[in-house]
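Q: Okay, here's the structure, questions in a sec.
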Amino acid sequence: MEKTKYSIKDTLKSNIRKYTMLIALVAIMIFFEILTKGILLKPLNITNLILQNSYILIMAIGMLLVIITGNVDLSVGSVVALIGAVAANLMIKHNMSVVPVIFISLLIGALVGAWHGFWIAFVKIPAFIVTLSGMLLFRGLTLVILKGQTLAPFEKSYQVLSSGFIKDIFNGQNLHITTILVGIVFSIAYIFYEYKDRSNKIKYGFRVTPNRLVIAKIILIIIAINLTTYSLAVYKGIPNVLVLLFFLVLIYSFIANKTVVGRYIYAIGGNEKAARLSGIKTDKVLFWVYVNMGLLTALAGIVFSGRLNAAMPRAGQGFELDAIAACYIGGASASGGIGTIIGAIIGGLVMGVLNNGMSILGIGIDWQQAIKGLVLLIAVAFDAYTKSKVKN
Amino acid sequence: MSDYILKMLNITKEFYGIKALDNVNFEVQQGEIHALVGENGAGKSTLINVLGGVYPYGTYKGKILYEGKECKFTDIRQSEDIGIVIIHQELTLSPYLTCAENVFLGNEQSKNGIIDWGKTTVEAKRLFEKIGLDEDPNSIVNTLGIGKQQLIEIAKALTKSVKLLILDEPTAALNEEDSHKLLNLLLEFKKNGITSILISHKLKEVLKVADRITILRDGSTVETLINDENLKEEKIIKAMVGRDIGDYYPTRYANIGNVFFEIKNWTVADALDQNRKIIDDVGLQIRKGEVVGIAGLMGAGRTELAMSIFGESFGKKLSGDIFIDNKKADIKSVDKAIENGIAYVTEDRKTYGLILIDSVKNNISLSNFKKISKNAIINKNEEIKASEKYKNDFNIRAKDILQNTEDLSGGNQQKVVLSRWIFSDPSLLILDEPTRGIDVGAKREIYTIINRLAEEGKSILMISSELPELLKMCDRIYVMNQGRIVGELSGDMQTAENVMTCIMRDIKGGQVEYGKN
């Protein structure tokens, strides 16, 4: 008879890749928590961490889909600046109100994505070249729009997304009660999800992980959720942008895992020729992946310019590299076909915590860059190593 | 003339337990042109690769004696150093370099690491004159026709002070005139004392230039014939194909219905060069429940025909119509082809078939999400059920349906690809080399699946380079050569000899039809 359960050792072995980066993230957090003498995980700093990294994480979601198809987008930093410039120009110079400005910004983002998608998917020019051109082109347009100047400030309401917090409907005094409740609701939802997933697997006769491990995992995750929400509640509650991120992760994970188009994206990255001969319109899918990238970049641009409260010609420089690094650190394959949304988020957080921790320690931007560079290499090398281990 | 430059004794070479060469003996005399002939898969290329050191010493059994000394090559360089040069079927020129650069590639005319371009050009020119190639040594290789490229390969061989020149299908891609030139060049070489081994399907050429002919079949030497006036093509053909066909072909209860699928006037050109017709005015029909084969040599255009039928996935279609159930069908893309009930199982499952880094399950469901999704959301339970079903039905030996396909054996990979296309519920299944590179057991399983599908009333179009497989499995066989249908065989006429005769007569010119009612 076949085994219906994996042994604990089996589970750890087969999941080590899946959870390596999560474990690394926790280790890095503990490391800096000790080094910064507890500053890293202070409520204020946790909120800051989220606000500081939100726009990179938003872009990382789009970038992950691009990377899964086996391509790349180098233009996102410039597009972030362009969106900030357009929004500032419309609001400050032309007195347009917030809602149409956001709408127009998203539309421009999508058009930029369509521009890239057209050249990459239909004219078949390598993505590296097309988006390198986009990087220069849209940076240039940003300078044209801003005439080399900084435009500021934005209206208060434009900043709701980037710097606002959810309302506490219970009006807690020192504690944001709604935030605590959200943590509890999520804990329950999570337990329910794990239970359903497990019973489904048993129903279809798949081997499942041992009970003890599942329970340990559930407890750890619940602690993590509630500690986070508690920390946030002590400060100002859940930032709006975290809610946005949460829904983005949920929606895009759903698209990646459960929808036909998600499967197409993975199939193209895995073997484009086979995908095409299986009836997948690879050009079309690739085109829309870039449109999506543009849309998410515009969203990141709105959040970023709101957070800066200004549109600057040099805004967003190097963002493309952060977003790409987040995906690779999170386990995406440079040759396409492999990667998860949640992995990219974890990769982004690893970079974010490194930045934040080193800043608190007063390490200069020079060394921060150098260390981040090494972390990227080590993460990918480790991934390659475990991959070859699992194989043998 | 009777001393031997080369003796290959008792050569045995296995791939994953399958014998590609079984105790082959092959002897070449000093200064002769020796032809090596045999069907696809008979072991010709393997034998040559053993000789050239592509398969290093130790990976095969047997002895190689060259000029009386035993050779133990571990790489190609070593065999080239002592004068054995192989010109492979696929040319190995670097397309963006000049002729002269290519000729001296790896053997640069240099001093202290600095190339002497003057000498390079002059030497190249001298070589070109020797082989009758009228070309500027400084032209870029990819601007030349295939015939001239072939000659540059030969010039390259001459720079290596060649004693034994081996040509693998040198004239396969050449036109009449270029072939003629090349063969004359071989005769010229013979006068200068260079020994040649010529591998060719074109028996006419072989009879024209060869002194002796060795025939390989199924990895064994059949015989070596002396080419005199009495030697006839028929004798060679008979030696090439004559073999027992084992009884591992399962029987089928044929129940053949009306014509289901038909193409007419199907002409397809190379995508980049519209003047080069790859498929030339082909017409064929397939009935319900019928297994139809396409036989032909490599490069006959069989795969190209199949792929162009499958949503015009190959080349540029110049003319032709598809009729399904007597109605004209417009099939311009793969998804249209699938919609019309056509499925194509590729000959190259790793490059064009599977997503190797993905699971058995995801590979099976890939071309028919319609069946298992609602509003573009995949019903994973249905997906799992479906892939479990095929895993059991076709006996796919995988740990579970979540195992990546790259970890499966060739036969099981093939069954995964087959599952995908049967899951897409086709009425016409095109199988391109369905049993290539898989073991005997898996072959039989695939034959059984094919028979079952035919019994269910599906139409099967099967391309194979293994003639026995086609002869046993098919109700009817079309023979293709150079992009055209050159014969149609059925019933008693469906024999290996007739297939080869169709091809050979076409190479000579003229068309034959056998077994037509």
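Chains as they are written, first to last, in the working numbering: chain A, 1 to 392; chain B, 1001 to 1517. Note that beta-carbon positions come from the ideal geometry of N, C-alpha and C, so glycine has one too.
The ligand NAD and B:E1039: does the residue's C-beta get closer than 7 Å to at least one heavy atom of that ligand?
A: This structure does not include the ligand NAD; it has no bound ligands of any sort.
Q: Can you tell me which residues form a DSSP beta bridge with B:K1111?
A: DSSP output for B:K1111 lists B:I1114 as bridge partner(s).
Q: What does A:S105 touch in chain B if you count any residue whose Cβ is under 7 Å from its own?
A: In chain order: nothing, as chain B lies at least about 28 Å away.
Q: Can the beta-carbon of B:R1212 be found closer than 8 Å to that of B:H1034?
A: Yes.
Q: Quick one: grab the DSSP three-state call for A:K258.
A: Residue state, collapsed to three classes: helix.
Q: Rounded to whole angstroms, what's the CA-CA distance from B:G1410 to B:I1446? Just pull it up for me.
A: B:G1410 and B:I1446: Cα-Cα distance of roughly 12 Å.
Q: At 9 Å on the CB atoms, spell out the chain B contacts of A:N271, in chain order.
A: Residues of chain B passing the Cβ test: K1350, T1351, Y1352, G1353, L1354, I1355, L1356, I1357, D1358.
Q: What residues from chain A crowd round B:S1427, counting only those whose CB sits closer than 7 Å?
A: In chain order: nothing, as chain A lies at least about 15 Å away.
Q: Which residues in the same chain as A:V234 place their Cβ atom closer than 6 Å to its Cβ, once the five residues preceding and following it in sequence are excluded?
A: For A:V234, where only same-chain residues beyond five positions count, the Cβ hits under 6 Å are P43.
Q: Would DSSP call A:K236 helix, strand or coil?
A: In the structure shown, A:K236 sits in coil (DSSP, three-state: anything other than H, G, I, E or B).
Q: Excluding the five sequence neighbours on either side, which residues of its own chain have a C-beta within less than 6 Å of the C-beta of B:E1177, listed in chain order?
A: Nothing listed; no residue qualifies.
Q: Output needed for A:A110: all residues of its chain with C-beta closer than 6 Å, excluding positions within five of it in sequence on either side, in chain order.
A: The residues are V291, G294, L295.
Q: Would you identify the three-state DSSP class for B:N1037, choosing helix, strand or coil?
A: Reading the sequence as shown, one finds Val at residue 1037 of chain B and not Asn. The answer is strand: DSSP assigns B:V1037 an E or B state.
Q: Over the uninterrupted beta strand (DSSP E) stretch that includes B:M1480, give me the two end residues.
A: Element bounds for B:M1480: 1476-1481.
Q: What in chain B is Cβ-close to A:G279, meaning under 9 Å?
A: Residues of chain B passing the Cβ test: G1311, S1333, V1334, D1335, K1336, A1337, I1338, E1339, L1366, S1367, N1368, S1424.
Q: Compare the C-alpha of A:S97 against each of A:V112, A:L141, A:Y158 and name the closest.
A: Checked all of A:V112, A:L141, A:Y158; the closest Cα to A:S97 is A:Y158.
Q: State yes or no: is the C-beta of B:P1137 within less than 8 Å of the C-beta of B:C1099?
A: Yes, they are a contact pair.
Q: Which chain A residues are close to B:A1376, counting only those with a beta carbon under 9 Å from its beta carbon?
A: Within chain A, the residues near B:A1376 are T259, V260, V261.
Q: Below 7 Å CB to CB, which residues in the same chain sit around B:I1378 once its five sequence neighbours on both sides are set aside?
A: Within the same chain, B:I1378 has close Cβ partners F1369, I1372.
Q: Spatial neighbours of A:L361 within its chain, please: C-beta separation below 7 Å, excluding the five flanking residues on both sides.
A: Correct list, in chain order: L35, T36.
Q: Could you work out which residue in B:A1020, B:D1228, B:I1256, B:K1119 is closest to B:C1474 when comparing CA atoms only?
A: For the residues B:A1020, B:D1228, B:I1256, B:K1119, the minimum Cα distance to B:C1474 belongs to B:I1256.
Q: CB-CB under 8 Å to B:I1114, same chain, minus the five flanking residues each way: which ones, in chain order?
A: No residues qualify anywhere along the chain.
Q: Give every residue of the same chain whose Cβ lies closer than 7 Å to the Cβ of B:E1388, excluding the five residues on either side of it in the sequence, and list them in chain order.
A: Result list for B:E1388: I1401, in chain order.
Q: Could you spell out the range, first to last residue, of the beta strand (DSSP E) harbouring B:Q1285?
A: Segment 1277-1287, the beta strand (DSSP E) holding B:Q1285.
Q: With a threshold of 8 Å between beta-carbons, can A:G343 be considered close to chain B, or not?
A: So no, A:G343 is outside the interface.
Q: List, in chain order, every chain A residue whose beta-carbon is nearer than 8 Å to that of B:Y1344.
A: Here the neighbours are L277.
Q: Counting only Cβ-Cβ distances shorter than 7 Å, please list the residues of the region 218-237 of chain A near chain B, keeping chain order.
A: From the region 218-237 of chain A, no residue has a Cβ closer than 7 Å to chain B.
Q: So B:A1295 is in the beta strand (DSSP E); what residue range does that whole segment cover?
A: Element bounds for B:A1295: 1291-1295.
Q: Given this structure, state the Cα-to-Cα distance separating B:E1135 from B:A1300, to the nearest angstrom.
A: Those two C-alpha atoms are separated by around 30 Å.
Q: Need the endpoints of the alpha helix (DSSP H) that B:E1456 sits in, please.
A: Here B:E1456 belongs to no alpha helix (DSSP H), and DSSP marks it neither H nor E.
Q: Leaving out five residues before and five after A:F31 in sequence, what residues of the same chain have Cβ atoms less than 8 Å from its Cβ?
A: Once the five neighbours on either side are set aside, the close Cβ partners of A:F31 are G357.
Q: In whole angstroms, what separates the C-alpha of B:G1515 from that of A:N257?
A: Caution is warranted here: a pLDDT of 40 is assigned to B:G1515, below 50, making its placement in the model unreliable, and the coordinate value is therefore given only provisionally. Looking at the two C-alpha atoms, the distance is approximately 54 Å.
Q: Under 8 Å Cβ-Cβ, which residues of chain B neighbour A:A267?
A: Result: I1355, D1358, N1362, L1366.
Q: Count the other CB atoms within 10 Å of the CB of B:G1341; is the residue buried (16 or more) or exposed (fewer)?
A: The residue in question, B:G1341, is buried, as its Cβ has 16 or more Cβ neighbours within 10 Å.
Q: Beta-carbon within less than 7 Å of B:D1280's beta-carbon, same chain only, minus the 5 sequence neighbours each way: which residues are those?
A: Answer for B:D1280: T1267, G1483, R1484, listed in chain order.
Q: Pairing CB atoms from the region 1355-1362 of chain B with CB atoms from the region 160-175 of chain A, are three or more of them under 8 Å?
A: No, because fewer than three Cβ pairs between the region 1355-1362 of chain B and the region 160-175 of chain A fall closer than 8 Å, the two stretches do not touch.
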